[in-house]
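Chains as they are written, first to last, in my numbering: chain A, 39 to 261; chain B, 39 to 261.
Written below as structure tokens is the structure these notes are about.
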DNA sequence: TCATGCATTAATGTATACATTGTTTGAAGG
DNA sequence: CCTTCAAACAATGTATACATTAATGCATGA
């Protein structure tokens, strides 16, 4: 029901290419024509082409007329665009969740993710921390029943994924972020709509400023 | 530069199908298999298929396994999703514009659109009014340099286009909307960030409530 | 040596072919 | 008359073929 009964080549190509891009095995600037990618994936151009179109619409790739597919770098300005949108949308989701008072089961899961983040911070496991961070944001969105918002924001998360992974180790331990997640969760549980919104907004604004300042101080124009 | 040098069949199919959908010549619920659409457009399945994939990613169509492309109706719940996103994003764009104090030329254009809306209201020309409304929203977004936001919001505008056209004549003359546009513009010109944001938010919240109440009172579950 | 232009190469956009598989029709049997 | 099963049909997913056209490289000439 959730996954396709029959795995199609397009889906396969899409997932594999997306994975290669997000894991930085196909780094930004990487470029290859359709036939080459098709060969690499062991299928014909047709499904590859459709997968590339999809990746392009998600902002991970650009199709350049006679040059092939280009893995897009994410510039500081892209980052600004993306964080501006996240700053507007995610707090709404959080506020709406606080209003709706979701059932205990769902909140339990958010709670577990937050605990995982806290313990990852304590043990200095940055990868686990980043994973919990990602899960928190995605879970919160998924709980707020707005599929259009969820899907769109998820594509934005994907776009900044590489940048977050890179900067993860260029900054101090993310204590503040962790505290803020806890704070947001508390407000949601308490049903405090306005504070849920505000604290999420502050969380995003601070994270964006931090990320951009890291990019600047390390002279990373794009990732 | 703006348009493609060479009009491709995919682009042609995309534009024509989108137009047919938005103009309600292919109404919600309309369904046709790829070969039929290809025949209708006078080209092979390949470009049609790519155009349909694009329309699907924009939420206008759904591709159902052995049934063909289905023109999606927009339900009240879809409307809720869409307006929630607009309510979060557009006020940010307005606020940011108020902050940036755009040059007179651009504001001139917004002013002209607002005047057009006011005179359309005065003369009772609903189509001209709706056109000015649409242009105001799109222009404001375009002025706020965030392409991701602009593109996404534009797809949402497209999705609600039919519903807006239908309800346009089921409601009282849109005096309030017109006043609100003027108010928003004034705040932007004055550089009043917070009031630009607030008045736009109020504008969207009211419009959403109005639209949904019309759907309810006329028993229109979807459009 | 460097510029110019032609020929070759190669990538895309599109058409077509084909296998797979779900749907539907119609006939046969209860 | 309704149900069941099979065969024909049809749509998709994918592969392949092909025309067009941009890029590349090489040869030619100044």
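For glycine and all other residues, C-beta sits at the position ideal for the given N, C-alpha and C.
In this structure, what does DSSP give as the bridge partners for residue 260 of chain A?
-> Along the first chain, read from residue 1 onward, the residue named residue 260 of chain A stands at position 222. Beta-bridge pairing links residue 260 of chain A to A:113.
Could you check what DSSP says for residue 42 of chain A in three-state terms: helix, strand or coil?
-> Numbered from 1 along the first chain, position 4 holds the residue referred to as residue 42 of chain A. Bear in mind that the predicted position of residue 42 of chain A carries a pLDDT of just 45, short of 50, making it unreliable; the figure below should be weighed with that in mind. In the structure shown, residue 42 of chain A sits in coil (DSSP, three-state: anything other than H, G, I, E or B).
DSSP three-state call for residue 63 of chain A: helix, strand or coil?
-> Taking the first residue of the first chain as 1, we reach residue 63 of chain A at position 25. DSSP places residue 63 of chain A in coil when its eight states are reduced to three.
What's the call for residue 184 of chain B, buried or exposed, on a 16-neighbour Cβ count within 10 Å?
-> Here residue 184 of chain B corresponds to residue number 146 of the second chain, with the count starting at 1. With 16 or more other Cβ atoms within 10 Å, it is buried.
Sequence-distant residues of the same chain with beta carbon closer than 7 Å to residue 86 of chain A, five excluded per side | Within the first chain, the letter at position 48 stands for residue 86 of chain A. Closer than 7 Å at the Cβ level, and outside the excluded window around residue 86 of chain A, lie 51, 72, 75, 76 and 79.
Among A:124, A:203, A:235 and A:238, the one whose alpha carbon lies nearest that of residue 60 of chain A | For the purposes of this step, residue 60 of chain A is identified with residue 22 of the first chain, where counting begins at 1. Of A:124, A:203, A:235 and A:238, the smallest CA-CA separation from residue 60 of chain A is found for A:203.
Could you round the C-beta distance between residue 200 of chain B and residue 112 of chain B to whole angstroms and report it? I think they count as a contact, below 8 Å.
-> Along the second chain, read from residue 1 onward, the residue named residue 200 of chain B stands at position 162. Along the second chain, read from residue 1 onward, the residue named residue 112 of chain B stands at position 74. Going by Cβ atoms, the distance from residue 200 of chain B to residue 112 of chain B rounds to 7 Å, so yes, they are a contact pair.
Residue 153 of chain B - containing alpha helix (DSSP H), residue span = Translated into the one-based positions of the second chain, residue 153 of chain B becomes position 115. Element bounds for residue 153 of chain B: 142–161.
The segment 246–258 of chain A touching the segment 110–129 of chain A, judged by at least three CB pairs closer than 8 Å = yes
Which residues in the same chain as residue 198 of chain A place their Cβ atom closer than 7 Å to its Cβ, once the five residues preceding and following it in sequence are excluded?
-> The sequence position of residue 198 of chain A within the first chain is 160, counting from 1. If we look at residue 198 of chain A and ignore the five residues flanking it on each side, its Cβ neighbours are 112, 117 and 120.
First through last residue of the beta strand (DSSP E) which encompasses residue 101 of chain A | Mapped onto the first chain, residue 101 of chain A falls at position 63. Segment 99–102, the beta strand (DSSP E) holding residue 101 of chain A.
Okay, do the segment 173–189 of chain A and the segment 148–156 of chain A touch, 3+ Cβ pairs below 8 Å being the bar?
-> yes
Using a C-beta cutoff of 7 Å, does residue 190 of chain B count as contacting chain A?
-> In the second chain, residue 190 of chain B corresponds to position 152, counting from 1. Judged by the 7 Å Cβ criterion, residue 190 of chain B is in contact with chain A.
Cβ of residue 95 of chain A less than 7 Å from any chain B Cβ?
-> Mapped onto the first chain, residue 95 of chain A falls at position 57. Yes, contact with chain B.
Under 8 Å Cβ-Cβ, which residues of chain B neighbour residue 187 of chain A?
-> Indexing the first chain from 1 puts residue 187 of chain A at position 149. 119, 122 and 123, listed in chain order.
Nearest CA to the CA of residue 10 of chain B: which residue from B:255, B:232 and B:259?
-> One cannot answer for residue 10 of chain B here, as it falls past the ends of chain B, which runs 39 to 261.
Cβ shell of residue 256 of chain A (< 7 Å), same chain only, five flanking positions each side left out = Translated into the one-based positions of the first chain, residue 256 of chain A becomes position 218. Cβ neighbours of residue 256 of chain A beyond the five flanking positions: 208.
Pick helix, strand or coil for residue 108 of chain B, following the three-state DSSP scheme.
-> The residue labelled residue 108 of chain B in the question sits at position 70 within the second chain. In this structure, residue 108 of chain B counts as strand in the three-state DSSP scheme.
Extent of the continuous alpha helix (DSSP H) to which residue 95 of chain B belongs | As a position in the second chain, residue 95 of chain B is number 57, starting the count at 1. 83–95 is the extent of the alpha helix (DSSP H) around residue 95 of chain B.
Burial state of residue 46 of chain A (16 or more Cβ within 10 Å) = Here residue 46 of chain A corresponds to residue number 8 of the first chain, with the count starting at 1. Classification of residue 46 of chain A: exposed, given that the 10 Å Cβ count is below 16.
To which residues does DSSP link residue 69 of chain B through a beta bridge?
-> Working through the second chain from its first residue, we reach residue 69 of chain B at position 31. Answer is B:108, bridged to residue 69 of chain B.
With residue 220 of chain B and residue 129 of chain B assumed to form a contact (beta carbons below 8 Å), what rounded beta-carbon distance in angstroms separates them?
-> Within the second chain, numbered from 1, the residue matching residue 220 of chain B stands at position 182. Within the second chain, numbered from 1, the residue matching residue 129 of chain B stands at position 91. That pair is no contact at about 16 Å.
Using a C-beta cutoff of 7 Å, does residue 42 of chain B count as contacting chain A?
-> Along the second chain, one-based indexing puts residue 42 of chain B at 4. Low confidence applies to residue 42 of chain B: its pLDDT is 45, below 50, so where it sits in the model is not reliable enough to give any reading.
Would you say residue 90 of chain A faces chain B, with C-beta separation under 7 Å as the test?
-> Residue numbering aside, residue 90 of chain A sits at position 52 when the first chain is read from its first letter. Not one chain B Cβ lies under 7 Å of residue 90 of chain A.
Chain A contact for residue 184 of chain B (CB, 7 Å cutoff) | Taking the first residue of the second chain as 1, we reach residue 184 of chain B at position 146. By this cut-off, residue 184 of chain B is an interface position.
From A:70, A:115 and A:142, residue whose alpha carbon lies closest to that of residue 100 of chain A = Counting from 1 along the first chain, the entry for residue 100 of chain A is found at position 62. Comparing Cα positions, the closest option is A:70.
Using beta-carbon positions only, say whether residue 179 of chain A and residue 188 of chain A come within less than 7 Å of one another.
-> On the first chain, position 141 is the one that residue 179 of chain A refers to. On the first chain, position 150 is the one that residue 188 of chain A refers to. Yes, these two residues count as a Cβ contact at 7 Å.
Delimiting residues of the alpha helix (DSSP H) encompassing residue 178 of chain B | If you number the second chain from 1, residue 178 of chain B lands on position 140. Boundaries of the alpha helix (DSSP H) harbouring residue 178 of chain B: 164–181, taken from the DSSP string.
Under 8 Å by Cβ, that's how I've got residue 193 of chain A and residue 97 of chain A pegged, so tell me the actual separation to the nearest angstrom.
-> Here residue 193 of chain A refers to the residue found at position 155 of the first chain. Here residue 97 of chain A refers to the residue found at position 59 of the first chain. Sure, about 6 Å apart at Cβ, within 8 Å.
Whole-angstrom distance between residue 196 of chain A and residue 109 of chain A, CA atom to CA atom | Your numbering for residue 109 of chain A matches position 71 in the first chain. Your numbering for residue 196 of chain A matches position 158 in the first chain. In a straight line, the C-alpha of residue 109 of chain A is about 13 Å away from that of residue 196 of chain A.
Local Cβ density within 10 Å of residue 88 of chain A, reported as buried at 16 or more and exposed below that = Residue mapping note: residue 88 of chain A aligns to position 50 of the first chain, counting from 1. Buried, since its Cβ has 16 or more Cβ neighbours within 10 Å.
Three-state secondary structure assigned by DSSP to residue 192 of chain B | Numbered from 1 along the second chain, position 154 holds the residue referred to as residue 192 of chain B. DSSP places residue 192 of chain B in helix when its eight states are reduced to three.
Could you please tell me which residues of the segment 123–147 of chain A, in chain order, have their CB closer than 7 Å to any CB of chain B?
-> 123, 126, 127 and 130
Kindly indicate which residue of A:82, A:260 and A:140 has the alpha-carbon position closest to the one of residue 262 of chain A.
-> Residue 262 of chain A lies beyond the stretch modelled for chain A, which goes from 39 to 261, so this question has no answer here.
Please check the pair residue 136 of chain A and residue 260 of chain A, which I expect to be a contact at CB under 8 Å, by giving their CB distance rounded to whole angstroms.
-> As a working note, residue 136 of chain A is residue 98 in the first chain. As a working note, residue 260 of chain A is residue 222 in the first chain. Wrong, their Cβ atoms sit about 36 Å apart, outside the cutoff.
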